[in-house]
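Q: 148 is the number that UniProt numbering gives to position 148 of the sequence shown; each next residue is one higher, with no gaps.
Just so you know, even glycine gets a beta-carbon here, dropped at the ideal spot from N, CA and C.
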Amino acid sequence: MTRVQELLSDPTAAGEWRLVPDKSTVAVNVKSMWGLVPVKGRFTELSGEAQLGGGPTIFGRVDIKAASLRTGIRKRDTHLHSGDFFDAQKYPDITVEINELTAAGGDTVDLRGQLTVKDTVKPLSLTAHVTVLDERAVRFITSSRVDRQEFGVDGNMMGMIVDIATISGDIVFRRVG
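(1) Between the beta-carbon of Ala-128 and the beta-carbon of Thr-102, is there less than 8 Å?
(2) Should the segment 140-152 be regarded as contacting the segment 2-13, the criterion being three or more beta carbon pairs within less than 8 Å?
(3) Check this for me: beta carbons of Asp-93 and Lys-65, under 8 Å apart or not?
(4) When you compare only the Cα positions, how much space is there between Gly-60 and Gly-72?
(5) On a Cα-Cα basis, can you pick out the residue from Ala-137, Ile-161, Gly-169 that is closest to Val-4?
(6) Could you tell me which whole alpha helix (DSSP H) segments of length 4 or greater appear in the UniProt domain "Lipid/polyisoprenoid-binding YceI-like" (16-174)?
(7) For the candidate residues Leu-126, Val-172, Asp-77, whose alpha-carbon lies nearest to that of Leu-46?
(8) Assign Val-176 to one of three DSSP states: helix, strand, or coil.
(9) Ile-98: buried (16+ other C-beta within 10 angstroms of its C-beta) or exposed?
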């Protein structure tokens, strides 16, 4: 039995878990300049919670502040926060909700839920590598390719930015109580 299966079947693991912001990262990678130049960014404000029931019953949520996206160039960051892209003033939160977890073997799980960006909700399927750090902490590492146009994150500027962005998460949850 893997540590993930042990965690999921352990009745003492049931209950509330909270995201550890200083140990967690959500990043984005997209190509600009007609697909020639990678642009990398990181969201710096995250929060989240999870509820683990007995067995595979799970609910998880990660809230990401859209205005916290940082690419290393302030002018670009300001533009990304604007109405051309994330419209962070009107839509301050990007949300990932997970309502199904299936052990896929070893230290891998399949997660099902939804992604919400700019009030647009789309189904989300992720495969995550899970590391049980100790009996009170667990790390999920995953990535997904997302078509930003499906969420109204436009700002295409004559095709300079490709539509598909890779979003990656390295998220640590710690058991509460």
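A: In short, the structure shows the following:
(1) Numbered from its first residue, the sequence shown carries residue 128 at position 128. Numbered from its first residue, the sequence shown carries residue 102 at position 102. In this structure, Thr-102 does not lie closer than 8 Å to Ala-128 by Cβ.
(2) Contact fails: fewer than three Cβ-Cβ distances are below 8 Å.
(3) As a working mapping, residue 93 is identified with position 93 in the sequence shown. As a working mapping, residue 65 is identified with position 65 in the sequence shown. In this structure, Lys-65 lies closer than 8 Å to Asp-93 by Cβ.
(4) What you label residue 60 is simply residue 60 of the sequence shown in a count that begins at 1. What you label residue 72 is simply residue 72 of the sequence shown in a count that begins at 1. If I take the Cα positions, the gap works out to 30 Å.
(5) What you label residue 4 is simply residue 4 of the sequence shown in a count that begins at 1. Nearest of Ala-137, Ile-161, Gly-169 to Val-4, Cα basis: Ala-137.
(6) You should have 74-81.
(7) Within the sequence shown, the letter at position 46 stands for residue 46. Per the Cα distances, Val-172.
(8) Within the sequence shown, numbered from 1, the residue matching residue 176 stands at position 176. In the structure shown, Val-176 sits in coil (DSSP, three-state: anything other than H, G, I, E or B).
(9) Here residue 98 corresponds to residue number 98 of the sequence shown, with the count starting at 1. With 16 or more Cβ atoms within 10 Å of its Cβ, Ile-98 is classed as buried.
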